[in-house]
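Student:
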Amino acid sequence: MTSTGTGADRFPAGTFTPDPRPAAPWKMLASQARIETLLFLRHGEQQLLSLVIPVALLIAMSLVPVVPLDDPVQQVYPMTVGIALMSAGFTGQSIAVAFDRRYGALKRIGASGVPKWALIGGKVAAVLAAVVVQLIILSIIGLLLGWRPDASGFLAAVVFLAVGVFTFTSLGLLLGGTLGSDVVLALGNTVWFLFMGASVVTVIDQDLPSAARDVLELLPSVALTDGLVDASAGSFNLAGLIVLLVWGVVASTLAVRRFSFTMDDD
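For the sequence shown, the UniProt record's numbering gives the first residue as 1, with consecutive numbering after it.
#1: Take the Cβ of Tyr-77 as the centre, count every other Cβ of all protein chains shown within 10 Å, and call the residue buried at 16 or more, exposed below.
#2: Looking at C-beta atoms only, is the number of pairs between the region 186-194 and the region 254-265 that lie closer than 8 Å three or more?
#3: Which of the three DSSP states is assigned to Met-28 in this structure?
#4: Do Ala-84 and Leu-41 count as a contact pair if the criterion is CB distance below 8 Å?
#5: With Gln-206 and Pro-68 assumed to form a contact (beta carbons below 8 Å), what rounded beta-carbon distance in angstroms separates them?
#6: When DSSP labels each residue in this structure, what does Tyr-77 get in the three-state scheme?
#7: Using 10 angstroms around the beta-carbon of Val-127, count the other beta-carbons present and answer buried if the total reaches 16, otherwise exposed.
#8: So, at 7 Å on beta carbons, what are the nonlocal neighbours of Ile-95 in its own chain, with the 5 sequence-adjacent residues on each side left out?
#9: Buried or exposed: which applies to Pro-25, given that a residue is buried once 16 or more other Cβ atoms fall within 10 Å of its Cβ?
#10: Determine the contact status of Met-86 and Val-229, defining contact as a CB-CB distance below 8 Å.
#11: Pull up the distance between the alpha-carbon of Gly-227 and that of Pro-72, whole angstroms please.
#12: Could you check how far apart the C-beta atoms of Leu-29 and Gly-121 are, in whole angstroms? I think they sit under 8 Å.
#13: With DSSP as the reference, label Met-263 as helix, strand or coil.
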């Protein structure tokens, strides 16, 4: 009869020695980013809001002769990209986070030791992945409709897209991580419509009074849209970038400090 040996013979010394310590920050962030990305891309309602509606706007406003612009697609395409990004980062994340809190999903994530910054970073990464998909689809449609960007504005567009993801995801997490789910559902959609309306008005209304335009340009949605429109034409909108950064820094700071994994009635 052959001896199987003892456990000490089969495994090196220290194999089962406990080593309690937190995972490396980059590992926590990478793991959370993967989970959040898969969840986001599998959510049909979020894809409707962040992709189907922008695609419909791009096609309708480029082909239907109701927009008083000489070459509508050159300005409508950047606008719809901004709306798609805003939908994914702000509305989609705020509502998803609020209902995750309501049903206890985030409480379990918090109990696992995932810090708030890793949760926020993971959701930002998920939005980035969604934006890549949006860009591919919208760009193909835009090119078919006649959109011809200025290559010199490529870097500016990348900067605005990155800062836009950061800003709108932070706003979404601030809203979804601090208020009740019913309030977030109503407020998130209302703010989304207001942001989208402001972006559309600034693009199609060339006769908008300068005072009104100055006020609207302080909104993050308008700052993003203006920045992308200018980038498509080969220029860089520094004022718009500053507005986006201010909104993003304030929102992310408040989100990290005020974000709650649970609701008061949990």
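For each residue, glycine too, the CB sits at the ideal point set by N, CA and C.
Tutor: The structure says:
#1: Residue numbering aside, residue 77 sits at position 77 when the sequence shown is read from its first letter. Classification for Tyr-77: buried.
#2: no
#3: As a position in the sequence shown, residue 28 is number 28, starting the count at 1. Helix.
#4: As a working note, residue 41 is residue 41 in the sequence shown. As a working note, residue 84 is residue 84 in the sequence shown. No, Cβ-Cβ distance for Leu-41 and Ala-84 is not below 8 Å.
#5: For the purposes of this step, residue 206 is identified with residue 206 of the sequence shown, where counting begins at 1. For the purposes of this step, residue 68 is identified with residue 68 of the sequence shown, where counting begins at 1. Confirmed, Cβ separation roughly 7 Å.
#6: Taking the first residue of the sequence shown as 1, we reach residue 77 at position 77. In this structure, Tyr-77 counts as helix in the three-state DSSP scheme.
#7: Against the sequence shown, residue 127 aligns to sequence position 127. Answer is buried; the Cβ neighbour count reaches 16.
#8: As a working note, residue 95 is residue 95 in the sequence shown. Cβ neighbours of Ile-95 beyond the five flanking positions: Gly-176, Val-184, Leu-185, Gly-188.
#9: The sequence position of residue 25 within the sequence shown is 25, counting from 1. Exposed.
#10: Position 86 of the sequence shown, counting from 1, holds the residue named residue 86. Position 229 of the sequence shown, counting from 1, holds the residue named residue 229. No. Outside cutoff.
#11: Here residue 227 refers to the residue found at position 227 of the sequence shown. Here residue 72 refers to the residue found at position 72 of the sequence shown. Roughly 17 Å between the two C-alpha positions.
#12: Mapped onto the sequence shown, residue 29 falls at position 29. Mapped onto the sequence shown, residue 121 falls at position 121. Contact between Leu-29 and Gly-121 holds: CB atoms are separated by about 5 Å, below the 8 Å threshold.
#13: Translated into the one-based positions of the sequence shown, residue 263 becomes position 263. For Met-263, the three-state secondary structure derived from DSSP is coil.
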